[in-house]
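Protein chains in written order, with the numbering used here: chain A, 253 to 822; chain B, 253 to 822. Just so you know, even glycine gets a beta-carbon here, dropped at the ideal spot from N, CA and C. Notes to accompany the following structure.
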């Protein structure tokens, strides 16, 4: 009963009609794809997701990963699928071309991520973590390490992981105790235990490259004493081939609520050879390169699963006949029942806005990578910092809500495993928890990205949103979404300044209101993005997006006021 | 990591401090318990739930039910536990004393239901469905059937089920095709298939008594052609012992997202001997006696699971040390982090209000059973009808939300099966779907219970709420919750009248707004009940309840306005 076709038309329209990204890419030089090439890449991604990965999603959930004496076996078909996926070139999409990467824009690769998660979230994780590890190596590691590791990672012969969490150090990474002893030859010996390591061990690739947070001898306590190390499962020989088995092993995997085909490993390091990446004591900072990359990717986990839920529940609602909308008449399909239609429209509106946010932030990342204008790059960098926690948490909160709504459309059948819908709910749930819980994201948004920034990045975004609203409000078709968003923006602005004013006298306030603030912020940004989608769709004579935007304005955006009212009651 | 102790003090306080139910029970005669006896019953229920049923909850989920050639085997320990449970007298709590029932008030037995679901929702279902079947037999069946079936059901030697759903007839029971052929001797032969039958087959009891909706030959199509039949698994012999195996069998069970220790059966009838209950063609009406009973019980499934989630997440938050609330100071337990505290307070407020609603509606049921005043009984009957869909859906929606919040407090550990929290989320989810989806409940509330009732029952409740608010608003401690509820009530009233005004010209409106209306209604009623809890708690010098009520007023109730605004945008 699971239905998924990549929403290529919608993606194309957001990338090129709404945000005109082809113009930007063109202005940034020959290396970036044009509209046609981008379209082809998305089509090919859709094929591999729909034909190769989607068919393994339910069987992967039912079978799960198996642990046996240090080895982890992924479900049937995963290993072969990963080889096909890797040899087709999907592991190096965003990578540095100097080492074999394809250098594609983030706005484009996030759309590929969405398709991966929509088809098979467990499978997707092996790939996206590898991409994140590659990015971190590319940004921070020595030239030697880059040459040694990046080509194989981009080819998908090797995969990467991030090793942060320890039993006592989850949200609080400053509490990490894993130790790194220097040796005579620029190497380090890493010892300690890590937990909840996604893809820490598996049978998909020849080698697994762990990026590990650990402490050097005498390092200060807290986050300033943490350094970053590269620890391969097999130490490459002189020719670069995996050779000596390193002192890192998987000692168990977790049984989880969902993403069961993704291995979640307890890992043990015993004098594992590691190589320092970046500056000693700056490990956590460096790791944020990877964490932010993963946070954006996880945002599309929420989105992708929600898209599959939407398409599946839409198809079911169009087929399932039950009850009469008008008593006494013939029976109707359930989509004709207004309450079912409401559940479908809610999913559609939230997914459309979420996809626009993913593209929007992806484009900001691209500006930081490709623009020649330093001010533009700096502004975009701020915008990425500001919107990353919003994207991670708001897309995953809504992704889960939408999966639950999709399940509700299925009624009793939605609770049966065979139908496949309940897996979406279980798989979506983790996205609100890992890569920094959504509560942590909210604290990051309000504490670091708004208050500590003295509202600078916030003001830039506010101004941009206000200008768009002003310019579109006079257009009659757009007045509903424009006016509702204007009102939400006013509430957001009043609330933001109120919090900033209180902050010095009441430092506990930000922590208490952060989660509700994030909802207020997210709803407002969604209103803004739906306005932009609606504006470009009316220019292209498509009424559907406008209807969705108006639904959001009338039925979902009003909750922004409730969050605003709640916040000032603290 | 699952923690559950029955909240006896809170239950006691709601029953006797807030609603003074002991006074009512006393006024209704000697047969009802006094405060002390009621307290003892609750204490004993708590013991059996905590000591016998809770320890089987996680193992029951892991093991699930097993189907083998028509037989269903419940998980290890269930069968023995059910015998202990039954022989201790817990199956006949609310039953008719003429046949061995204990005739206890519904307000009390719903609190026992809550404890059952809190400890082991799968186990609870076998028991509560039996109670519902007994009630239906007691209300509608012939004296002969009552004498034959009720004593064994009350003793828990036999259990009962409800057989409504067919593959093509879920929300729309009018589409049922199961057939009943009359025979010469007042018996009927039932043939057809049913799906999603909870407890349709199992190994807990000597006999299973099915209450089945089916059609007599020549019956009109739709719901008016449906009759109700009692179909035993084993036909009792002259001595009343289970004897001849009847033509009803289980042909498979479902693999589900949750409540895995509760068997969900596909059932086949082949000329099964059945006995007519009530009037031919009134089967669906009769069945509502049982369905409404189950809906109230399922409301406490949401509540009970949420209570276990709350207690478990509270205990975890008090133990788990992570991060510093004030940077640079010692690490804190996570309950000291305001965002975690917010998640705990939300659960506490919603559970407190939900428990009060369960007791409130249970008391209305008791008035219909025990009061000597005909007008009072008629009014209470209306109130039960009005509030049943609210209790079923609002308690289960919030139960699920609270289970998700509890899981969120656990962070990554909450996603691991071993911790036990993720089971709560999976087990709570079904309560929003079965016994009439929450969307169906919303249509029932707005369509049947408010609009078709020409707002009569609604007006009675509105007046009661308004009077309480007026009487408590002047008390300074209560002003926050009283004023917030007053505002919500005004929104509810304006919205209700607006819908009623539009209804004749726009009959599709009710279907479109019903779910949001139910949320608005539920939030307002919760405000009212928290006001009453806070009022009685301040009289008893307990500040805790007041704090919870104010939290609800400031942070959760504001969403009622958003729902109201959304509704009038239709």
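Do residue 428 of chain A and residue 482 of chain A count as a contact pair if the criterion is CB distance below 7 Å? no
Distance, Cα to Cα, residue 653 of chain A vs residue 398 of chain A? 41 Å
Element boundaries [alpha helix (DSSP H), containing residue 750 of chain A]: 731–755
Residues of chain B with CB closer than 9 Å to the CB of residue 682 of chain A, please, in chain order. Those are 664, 667, listed as they occur along chain B.
Can you pull the chain A neighbours of residue 694 of chain B, defined as C-beta to C-beta under 9 Å? 591
Straight-line Cα distance separating residue 323 of chain B from residue 455 of chain B: If you take the alpha carbons of residue 455 of chain B and residue 323 of chain B, they lie about 8 Å apart.
Stretch pair the segment 670–688 of chain A + the segment 584–601 of chain A: three plus CB contacts closer than 8 Å: no
Stretch pair the segment 547–564 of chain A + the segment 398–407 of chain A: three plus CB contacts closer than 8 Å: no
Among A:788, A:730, A:808, whose alpha-carbon lies nearest the alpha-carbon of residue 269 of chain A? A:788
Going by alpha carbons, who is nearest to residue 749 of chain B out of B:728, B:710, B:734, B:760? B:710
Does residue 506 of chain A come within less than 7 Å of chain B when only Cβ atoms are used? yes
Selection from B:740, B:761, B:758, B:763 that minimises the alpha carbon distance to residue 772 of chain B: For the residues B:740, B:761, B:758, B:763, the minimum Cα distance to residue 772 of chain B belongs to B:740.
Presumed contact (8 Å Cβ cut-off) between residue 620 of chain A and residue 605 of chain A, rounded CB distance: Actually they do not touch by this definition, with Cβ atoms about 23 Å apart.
Distance, residue 433 of chain A Cα to residue 440 of chain A Cα: 5 Å
Please go through the same chain and pick out, in chain order, the residues whose beta-carbon is closer than 6 Å to the beta-carbon of residue 315 of chain A, but skip the five residues on each side of it. Taken in chain order, the residues that qualify are 327.
Residues bridged to residue 585 of chain B by DSSP? B:573
Count the C-beta pairs between the segment 596–615 of chain A and the segment 357–372 of chain A that are closer than 8 Å, then say yes if the count reaches three, no if not. When C-beta atoms of the segment 596–615 of chain A are compared with those of the segment 357–372 of chain A, three or more pairs fall below 8 Å, so the two segments count as touching.
If you measure beta-carbon to beta-carbon, which residues of the segment 416–440 of chain B are closer than 9 Å to chain A? 417, 420, 421, 422, 423, 424, 426, 427
Under 7 Å by beta carbon: chain A residues contacting residue 503 of chain B: Residues of chain A passing the Cβ test: none, with the nearest at roughly 15 Å.
Apart from the five residues on each side of it in sequence, which residues of its chain come closer than 7 Å, Cβ to Cβ, to residue 340 of chain B? 300
State the DSSP-derived secondary structure class of residue 519 of chain A, mapped to helix, strand or coil. strand
How many angstroms separate the CA atom of residue 496 of chain B from the CA atom of residue 352 of chain B? 25 Å
Length of the line joining the Cα atoms of residue 755 of chain B and residue 706 of chain B: 11 Å
Along chain A, in chain order, which residues have C-beta atoms closer than 7 Å to that of residue 818 of chain B? 806, 807, 810
Could you give the DSSP three-state label for residue 607 of chain B: helix, strand or coil? helix
Sorted by chain position, which residues of the same chain lie with C-beta nearer than 6 Å to residue 692 of chain B's C-beta, five sequence neighbours on each side aside? 423
Taking Cβ positions, are residue 687 of chain A and residue 546 of chain A nearer each other than 7 Å? yes
Since I believe residue 512 of chain B is in contact with residue 374 of chain B (beta carbons under 8 Å), could you give me their beta-carbon distance rounded to a whole number of angstroms? 7 Å
Beta carbon of residue 759 of chain B: closer than 6 Å to some heavy atom of the ligand FAD? The model on display carries no ligand, and the ligand FAD is accordingly not part of it.
Could you compute how far the alpha carbon of residue 721 of chain B sits from the alpha carbon of residue 695 of chain B? 28 Å
Out of A:304, A:591, A:558, A:733, which has the shortest C-alpha to C-alpha gap to residue 574 of chain A? A:591
Which same chain residues, not among the five before or five after residue 674 of chain B, have their C-beta less than 8 Å away from its C-beta? 659, 666, 667, 668
Can you name, in chain order, every residue of its own chain whose Cβ lies under 7 Å from the Cβ of residue 672 of chain B, other than the five neighbours on each side? 253, 254, 310
With three or more beta-carbon pairs closer than 8 Å as the criterion, would you say the segment 524–540 of chain B touches the segment 469–485 of chain B? yes
At which residue ranges does the segment 383–427 of chain A contain complete beta strand (DSSP E) runs of 3 or more residues, listed in the order of the chain? 410–415
Should residue 821 of chain A be flagged as near chain B, meaning a C-beta pair shorter than 7 Å? yes
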